[in-house]
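Residue numbering for the sequence shown follows mature numbering (1 follows the signal peptide of the UniProt record, and there is no 0), beginning at 90 and increasing consecutively. The beta-carbon is built from N, C-alpha and C at its ideal position, and this holds for glycine as well. Some notes on the structure that comes next.
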Amino acid sequence: SPLHDIAVSKGKQYFGVAVDSNELANATYKVLLDDRHLWGQMTPGNKMKWDATEPSRNTFTYSDADALVVWAQGSGKEIRGHTLVWHNQLPSWLTNGGFNNATLVSILQNHVTNLVTHFSGKVKTWDVVNEIFEEDGSWRSSVFYNTIGEYFVDIAFRAAAAADPNVGLAANDYNLDYGGSKVTAYVNLVNRLKSRGVKITQIGSQSHLIVGSMPSYSTLVSNYNAFVATGVDVAITELDIRMTLPVTDALLAQQRKDYNTIIRACMAVPRCIGMTVWAYSDYYSWIPSVFSGEGAALPFDDQLKPKPAFYGIVDGLNGI
Ligand code: G3I
Numbered sequence: 090s091p092l093h094d095i096a097v098s099k100g101k102q103y104f105g106v107a108v109d110s111n112e113l114a115n116a117t118y119k120v121l122l123d124d125r126h127l128w129g130q131m132t133p134g135n136k137m138k139w140d141a142t143e144p145s146r147n148t149f150t151y152s153d154a155d156a157l158v159v160w161a162q163g164s165g166k167e168i169r170g171h172t173l174v175w176h177n178q179l180p181s182w183l184t185n186g187g188f189n190n191a192t193l194v195s196i197l198q199n200h201v202t203n204l205v206t207h208f209s210g211k212v213k214t215w216d217v218v219n220e221i222f223e224e225d226g227s228w229r230s231s232v233f234y235n236t237i238g239e240y241f242v243d244i245a246f247r248a249a250a251a252a253d254p255n256v257g258l259a260a261n262d263y264n265l266d267y268g269g270s271k272v273t274a275y276v277n278l279v280n281r282l283k284s285r286g287v288k289i290t291q292i293g294s295q296s297h298l299i300v301g302s303m304p305s306y307s308t309l310v311s312n313y314n315a316f317v318a319t320g321v322d323v324a325i326t327e328l329d330i331r332m333t334l335p336v337t338d339a340l341l342a343q344q345r346k347d348y349n350t351i352i353r354a355c356m357a358v359p360r361c362i363g364m365t366v367w368a369y370s371d372y373y374s375w376i377p378s379v380f381s382g383e384g385a386a387l388p389f390d391d392q393l394k395p396k397p398a399f400y401g402i403v404d405g406l407n408g409i
């Protein structure tokens, strides 16, 4: 079933997949990855992050990211830039630099300007900031927040908009699925940014979820509507739904329901514009290396066979 084609036929912009460079070297994996009817969008899993693109100060390296972009363009996929400003995967020159406010502002502006300019016309939407709030809605500690304060967000968004006036500009985070303080923090942030004349076009909900511990359909829809009410679009940007191993038929059946729930919720909100899974097969999932004893989070198994979850997505796209 052509997930992307179905999504588009139902009014969405895309159904997409995260991709890392090593995956393109796996000819077997690449067969389904190349399919433009299955995936119409790609997010680089790692290669546009700060450590990959500016490994030493003001030296920019784009060869890996460029190769992903060339491949994506050749296989009919729009590109989400991920990510300009994040507290993880930073180069040590930056984290250990001890930079003062003025210097870090110029480093931030230089990084954002360089990346957005380089990928101008190729990246459709950037994750400008990633994971800036804690679960209680307070600011996450980072070299950027700790040195510059809240205005690092304004600075990053303004630099991105100046470098490419046509590119979409998102704030992206996890645990936006359950409502509560973190959702409120983003609603308030969008309102503050807009009141300061800062352009933001989208909230990205990563949606790294757990089988059997899902937010309800109505909670998901109401979160998306809360973002949309501020005047931005919403996208599901890093979807996976993990389980405690071993895999059982009951867990696979529950996972099918859980994928179906979140896809239906996005389909119910016109400004939920697209959905991206964080790799398509369990073979390349980040989950087992971070959550010991958990995995099997994606719609294809590690043999690249579609799981029940895949059919939960298909039904969800069809509003079933
Ligand atoms: O590149 C090195 C390689 O040289 C080395 O040999 C190897 C040994 O461990 O590590 C490689 O780096 C790994 C990198 O992925 C590239 O594969 C890192 O250890 C590993 O920590 C890193 O994990 C990535 C993770 O972000 C880091 O925070 C995952 O692939 C990536 O899927 C994950 O993606 C994040 C999103 O960006 C933001 N939202 C959450 C999501 C999941 O954590």
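I need the straight-line Cα distance from residue i to residue j, nearest angstrom please.
i	j	result
GLN178	GLY210	25 Å
TRP160	GLY105	14 Å
GLY226	VAL276	11 Å
LEU113	TYR306	35 Å
LEU228	ALA116	The question names Leu, yet the displayed sequence has Trp at residue 228. Taking the straight line from one Cα to the other gives about 42 Å.
THR192	TYR267	38 Å
VAL97	LEU121	18 Å
LEU265	MET364	15 Å
VAL287	GLU143	25 Å
ASN312	VAL272	7 Å
LEU127	HIS176	32 Å
VAL158	VAL108	10 Å
ILE299	ASN199	38 Å
ILE292	GLU220	11 Å
VAL403	PRO254	35 Å
TYR373	GLN344	18 Å
ALA141	VAL218	16 Å
GLY408	MET356	7 Å
ALA259	VAL336	35 Å
VAL323	PHE188	34 Å
VAL256	ALA339	43 Å
SER231	ASP153	26 Å
THR326	ALA368	11 Å
GLY269	THR290	22 Å
GLY405	LEU393	21 Å
ASN190	TRP182	16 Å
ALA354	VAL310	5 Å
TYR263	SER294	6 Å
Please find out if some non-hydrogen atom of the ligand G3I comes closer than 6 Å to the beta-carbon of residue i.
i	result
TRP375	yes
GLY301	no
GLN295	yes
ASN312	no
ASN115	no
ASN135	yes
ASN199	no
ASN349	no
ASN255	no
ASN177	yes
Buried or exposed: where does residue i fall if 16 or more other Cβ atoms within 10 Å of its Cβ makes it buried?
i	result
ASN261	buried
LYS138	buried
residue 38	No answer is possible for residue 38: it lies beyond the span of the chain, which begins at 90 and ends at 409.
THR148	exposed
ILE237	buried
ASN349	buried
SER284	exposed
THR214	buried
VAL201	buried
ASP371	buried
GLU239	exposed
ASP216	buried
SER145	exposed
ASP391	exposed
THR206	exposed
LYS101	buried
ALA318	exposed
Any heavy atom of the ligand ZN within a distance shorter than 6 Å of the CB on residue i?
i	result
ASN264	Summarising the ligand content, the structure contains the ligand G3I and does not contain the ligand ZN.
My parser needs the alpha helix (DSSP H) runs of 4 or more residues fully inside the segment 138-199; what are they?
139-142, 152-163, 181-184
Check whether the segment 245-264 and the segment 329-344 are in contact - that is, three or more C-beta pairs closer than 8 Å.
no
Which ranges does the alpha helix (DSSP H) cover as unbroken runs of at least 4 residues, wholly within the segment 282-319, from first to last along the chain?
Entirely contained in the segment 282-319, the alpha helix (DSSP H) runs reaching 4 residues are, in chain order, 306-317.
For the segment 315-355, list the beta strand (DSSP E) runs that are entirely contained and at least 3 residues long, ordered along the chain.
322-333
What are the start and end residues of each continuous alpha helix (DSSP H) run of 4 or more residues lying completely inside the segment 248-286, in chain order?
Those alpha helix (DSSP H) runs which fall completely within the segment 248-286 and span 4+ residues are 270-284.
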